[in-house]
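Numbering that gives the first Met the number 0 puts the first residue of the sequence shown at 0, with every later residue one more than the last.
All C-beta atoms in this analysis are idealised placements derived from N, C-alpha and C, irrespective of residue type, glycine included.
What follows is a single structure, written as structure tokens, with notes after it.
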Amino acid sequence: MKSMFTHFNFKKFGFRVVVITVVYLLVKLTIDHDDDGEEKVFEFVSIAYYLSAFFLFMVIWEASDWLIRRHQQQKNTMYFKDSIRILGINMAIAIPIIAITYYIINYQLYELCNILPEDRPLRFRVDFFRALLLTFAVGTSNLFYYSLSQKKRIEEKMEKLQKELIASQYASLKSQISPHFLFNSLNILTSLMYEDRDLASDFVTRLASCYRYILDNRDEDIVPLEKELNFLESFIFMMNVRHEGALHISTLVSANRKELFIPTLSLQMLIENALKHNYYSKEKPLEITIFSIENESIVVQNTLRKRIPEEISTQLGLKNIQKRYAFYTNASVLIENEKEFFKVTMPLLSKTQTKKTILSVS
0 MKSMFTHFNF KKFGFRVVVI TVVYLLVKLT IDHDDDGEEK VFEFVSIAYY LSAFFLFMVI
60 WEASDWLIRR HQQQKNTMYF KDSIRILGIN MAIAIPIIAI TYYIINYQLY ELCNILPEDR
120 PLRFRVDFFR ALLLTFAVGT SNLFYYSLSQ KKRIEEKMEK LQKELIASQY ASLKSQISPH
180 FLFNSLNILT SLMYEDRDLA SDFVTRLASC YRYILDNRDE DIVPLEKELN FLESFIFMMN
240 VRHEGALHIS TLVSANRKEL FIPTLSLQML IENALKHNYY SKEKPLEITI FSIENESIVV
300 QNTLRKRIPE EISTQLGLKN IQKRYAFYTN ASVLIENEKE FFKVTMPLLS KTQTKKTILS
360 VS
């Protein structure tokens, strides 16, 4: 008994009772069976028609639900032809039930319903076709409701899959950063050990700091701006050592470093992107500036001198940053590719925005 009440949807039942009652009253107001127009609500004929309408629509509605559930168990999606088939079966079930119900009212209970013998055929046809039309409307509305529900489920599933894809891409990017970064750093360290041991010692300290940051935040998609900038300081030091005067990176960030957040390793990705696609030397160093616009955004801008031949770009890093931001804010990541400079403007996120539920990236 308890299980039966658990599965019984009182909310759905109540909604259907209200719909049936409203439709019945509307039909009653527009079509009056009595010649004098004085039929009362609590007369037997009114009760008989209400109960018949209640019985018919409950049976038809449940039959429609059952047909849809059965289809969903067999197939994950419902196409237009499936809807037509379900509606056709539902109407086939409804026709004999409607015919039997109104045959009983018009031919068996005609005396109690005050139906004259000569009026019975006409009344039966009117009742039958009116109920058939309303049944068609109920079946169509039910299919429309389930179609909208299916659309919503598909959209939620697609959004989940998209998040999983972005998470996978982000994890892939991070896995590429670590070995590539380590390989280059070890090559530099090898040469420094023979040239400048003090600088080599400092370089090792900075390298350890960078890797500690990468390892500590490998499962975090968003980090405080302060942590990212502290990591960036060590990263910039290592890049300056590696490129020996061919690179000038400056940071002018006045935004609230503790209260604002950005995607993990996003600044490093943009610097690596600038190094990958531009030519630079001691005579013509690459200028990279990182600055904030109040507490609203952070900008990474570099001089533009594209390599020849030009490096083919998949823009995976930029797209990844854009999609990661899309989970937290409607504000866009702005990309400006001008004649003399390339600039990326990223929104700074508040604590409230970072509390949105997303997939953990590992």
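| query | result |
| --- | --- |
| For glutamine 300: DSSP bridge partner residues | Thr288, Lys342 |
| Arginine 323 burial status per 10 Å Cβ neighbour count (16 or more: buried) | buried |
| For glutamate 335, the three-state DSSP class (helix, strand or coil) | strand |
| Touch test, the stretch 79-93 against the stretch 129-138, Cβ-Cβ under 8 Å, three pairs minimum | yes |
| For threonine 20 and glycine 13, the rounded distance between their alpha carbons | 11 Å |
| Cβ pair count under 8 Å reaching 3, the stretch 97-116 against the stretch 66-77 | no |
| Reduced DSSP secondary structure (H/G/I, E/B, other) of asparagine 319 | helix |
| Residue range of the beta strand (DSSP E) that includes leucine 251 | 246-251 |
| Pairwise C-alpha distance: isoleucine 289 and phenylalanine 341 | 12 Å |
| Residues sharing a beta bridge with valine 22, DSSP | Answer is none; valine 22 lacks a bridge partner. |
| Beta-carbon proximity of tyrosine 145 to phenylalanine 123, cut-off 8 Å | no |
| Cβ pair count under 8 Å reaching 3, the stretch 198-210 against the stretch 247-256 | no |
| Euclidean distance between Cα positions of threonine 302 and leucine 285 | 6 Å |
| Selection from Lys226, Ile287, Leu259, Leu24 that minimises the alpha carbon distance to threonine 351 | Leu259 |
| Among Ile85, Tyr327, Leu181, the one whose alpha carbon lies nearest that of phenylalanine 143 | Ile85 |
| Threonine 204 burial status per 10 Å Cβ neighbour count (16 or more: buried) | exposed |
| Where the alpha helix (DSSP H) containing proline 95 begins and where it ends | 79-102 |
| Among Met345, Asn272, Trp65, Leu224, the one whose alpha carbon lies nearest that of threonine 328 | Met345 |
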